[in-house]
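In short: position in the sequence shown from 1, add 154, done, that's the working numbering. Even glycine gets a Cβ: it sits at the ideal position worked out from N, Cα and C. To start, the structure under review is shown below, and the notes come after it.
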Amino acid sequence: MKSLLFTFFLPLAIFAQEPLAEYVNPFIGTGGHGHTFPGATTPFGMVQLSPDTRIDGSWDGCGGYHYSDSVIYGFSHTHLSGTGVSDYGDIMVMPMPLDKASVNKDNYKSTFSHTEEKAGAGWYEVYLKTHGIQVELSASTRVGVQRITFSENKGAIILDLQHRDKLIEGKIEQAGSNKISGYRISEAWAREQHVYFEMEFNEKISAIKINKDTIRGDYSAIIEFSRMPTPVLEMRTGISFTDNRGASANLRENPSFFGYEKFKQQAAEKWNEALGCIRLKGGTEKEKQIFYTALYHTMVHPNTASDVDGRYRGMDMQIHQDNSYTHYTVFSLWDTFGLRTRFMPYCFLKISAILSARF
């Protein structure tokens with residue numbers, strides 16, 4: 155058996171040019187009791203845009219996805235990886251044919267096949283068989299981007315704030331001809347979790363139907379597009395834990411406003427740089443895939459918690475300002491230092507990357 159030699163490098167950018175992200179297989183850990191997710195994220199990013207196949211908060215549904223499933227309910231912008239308690243799953247959207255659009259979960263869910271599903275570091279794609287729609291996902295640190303290909307030049311996006319966790323309060327409003335904003339306050343593992351969003355499309359919205367009740371406010375919406383020049387719709391969603399001003403600013407953290415391929419390329423570059431802190435010599439291609447996927451999983455959490463302007467929501471639930479370094483959340487010490495102590499360099503890398511605040 156060939157031996158593996160591990161070489162550590164600081165700073166992290168030394169081997170950024172190597173395409174190490176190509177070794178990452180995000181589907182590893184999505185079966186069994188792995189509790190990982192296959193969707194798009196960047197190193198220690200605020201956004202984890204990924205499909206949800208489990209909405210019951212079950213043990214094996216902690217990451218929102220399980221490889222044994224055959225139904226997707228939608229794509230939400232936050233996910234946990236490797237934990238033993240369910241949470242996140244915020245700001246869930248699902249594309250549908252315009253004439254079948256419904257906020258009923260039994261209507262908007264879709265079957266899918268693993269033969270029509272692909273993923274890599276920073277991107278994910280799947281074909282929704284029930285709806286006849288192709289979905290492609292990517293992300294930057296605070297933004298989730300989607301390219302949706304309908305079967306015709308019209309379609310709808312379902313926005314469901316009542317997804318997975320208990321909804322305490324929600325708000326959805328049209329903020330422009332091609333823009334939606336709002337927030338969700340929910341309860342699960344976290345007793346009061348605030349996620350604000352601003353969602354922008356490359357096409358004008360034809361109509362929006364918002365559903366609400368007297369206790370929780372707005373909880374779902376159907377966003378309609380009836381006059382698109384092509385079947386392809388692109389959307390970007392910026393999120394924030396502070397407020398809608400933060401979500402709006404975060405949405406513009408990336409200069410290339412629309413352009414799925416640019417996001418995908420930039421995400422790969424970030425992962426190549428991050429994974430380049432450890433370079434393998436020797437080993438088989440399979441061993442490299444296993445190693446770099448494991449290394450990738452150590453960089454999914456903790457997550458960026460502060461906005462581009464340095465504001466963040468503290469443990470006291472107040473908004474604070476600190477531009478000296480990036481603030482993070484989801485410090486699950488059990489999952490970081492309990493389950494992963496069999497390979498301590500992962501933990502070393504995680505700590506050094508956080509301290510350097512490169513991401």
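Cβ-Cβ separation, residue j to residue i (assumed contact under 8 Å), whole Å
{"i": "K263", "j": "Y227", "result": "5 Å"}
{"i": "G274", "j": "V178", "result": "6 Å"}
{"i": "K387", "j": "N356", "result": "Per the sequence presented here, residue 387 reads as Leu, with Lys not at that position. About 7 Å; that satisfies the 8 Å criterion."}
{"i": "F379", "j": "G309", "result": "6 Å"}
{"i": "I359", "j": "Q316", "result": "Not a contact, Cβ separation roughly 21 Å."}
{"i": "I312", "j": "V247", "result": "7 Å"}
{"i": "I245", "j": "T447", "result": "Going by Cβ atoms, the distance from I245 to T447 rounds to 27 Å, so no, they are not a contact pair."}
{"i": "I432", "j": "L449", "result": "6 Å"}
Spatial neighbours of residue i in its chain, beta-carbon cut-off 6 Å, leaving aside the 5 residues before and after
{"i": "D476", "result": "G464"}
{"i": "S305", "result": "G286"}
{"i": "D397", "result": "Y350"}
{"i": "V462", "result": "A403, N404, E407"}
{"i": "A361", "result": "E378"}
{"i": "A422", "result": "A175, G276"}
{"i": "G347", "result": "In the sequence as displayed, the identity of residue 347 is Gln instead of Gly. S340."}
Close beta carbons around residue i, own chain, < 7 Å, minus the five adjacent residues each side
{"i": "P173", "result": "N426"}
{"i": "T303", "result": "I287, Q288, P385, V386"}
{"i": "F445", "result": "L434"}
{"i": "Y281", "result": "F266, E270, Q288"}
{"i": "Y482", "result": "F198, P456, N457, T458, A459, I508"}
{"i": "S149", "result": "Because the chain here runs from 155 to 513, residue 149 falls outside it and cannot be looked at."}
{"i": "Q443", "result": "Y177, N179"}
Cutoff 8 Å; reference residue i; Cβ partners in own chain excluding five residues on either side
{"i": "K259", "result": "I209, Y227, D314"}
{"i": "K283", "result": "S264, T265, F266, S267, E270"}
{"i": "K272", "result": "Y278, E279, V280"}
{"i": "H187", "result": "W213, D214"}
{"i": "K424", "result": "T196, P197, G276, F513"}
Counted within 10 angstroms of its Cβ, other Cβ atoms place residue i as buried (16 or more) or exposed
{"i": "R338", "result": "buried"}
{"i": "I287", "result": "buried"}
{"i": "M469", "result": "exposed"}
{"i": "T452", "result": "buried"}
{"i": "I369", "result": "exposed"}
{"i": "P383", "result": "exposed"}
{"i": "K254", "result": "exposed"}
{"i": "E290", "result": "buried"}
{"i": "S324", "result": "One point to set straight first is that residue 324 is Gly, not Ser, in the sequence displayed. Classification of G324: buried, given that the 10 Å Cβ count is 16 or more."}
{"i": "T480", "result": "buried"}
{"i": "H231", "result": "buried"}
{"i": "D367", "result": "exposed"}
{"i": "S478", "result": "exposed"}
{"i": "K363", "result": "exposed"}
Pair within 8 Å by beta-carbon distance, residue i and residue j
{"i": "A194", "j": "S331", "result": "no"}
{"i": "G276", "j": "A428", "result": "no"}
{"i": "E395", "j": "R467", "result": "Residue identity differs from the one stated: residue 395 is Phe in this sequence, not Glu. Yes, the Cβ-Cβ distance between F395 and R467 is below 8 Å."}
{"i": "N404", "j": "I393", "result": "yes"}
{"i": "H455", "j": "S235", "result": "yes"}
{"i": "H189", "j": "D206", "result": "no"}
{"i": "G125", "j": "C216", "result": "Here the chain comprises residues numbered 155 to 513, so residue 125 is not present and cannot be evaluated."}
Option nearest residue i by Cα separation, candidates the options
{"i": "R318", "options": "N408, R433, W343", "result": "W343"}
{"i": "T184", "options": "G199, Y221, R301", "result": "Y221"}
{"i": "P192", "options": "F229, M200, G211, W213", "result": "F229"}
{"i": "V349", "options": "N307, K333, G400", "result": "G400"}
{"i": "N457", "options": "T196, F181, T190, G186", "result": "T196"}
{"i": "K416", "options": "M250, R301, H481, G199", "result": "R301"}
{"i": "G211", "options": "D461, A422, E341, V484", "result": "E341"}
{"i": "Q419", "options": "S294, Y482, S335, I362", "result": "S294"}
{"i": "I376", "options": "Y278, T237, P251, G186", "result": "P251"}
{"i": "G371", "options": "S402, M389, G336, V225", "result": "G336"}
{"i": "V484", "options": "M200, F181, P180", "result": "M200"}
{"i": "S374", "options": "V257, H268, Q347", "result": "V257"}
{"i": "R345", "options": "S240, K283, K333", "result": "S240"}
{"i": "R390", "options": "T284, E279, Q347, I334", "result": "I334"}
{"i": "Y414", "options": "E439, Q347, Y278", "result": "Y278"}
{"i": "H121", "options": "Q202, P249, R381", "result": "There is simply no residue 121 to check, as the chain begins at 155 and stops at 513 in what is shown."}
{"i": "N307", "options": "R296, R381, N261", "result": "R381"}
{"i": "R296", "options": "M353, G430, N365", "result": "M353"}
Interface flag, residue i vs chain C, CB-CB below 8 Å
{"i": "M200", "result": "Included in the structure is just one protein chain, with no chain C present."}
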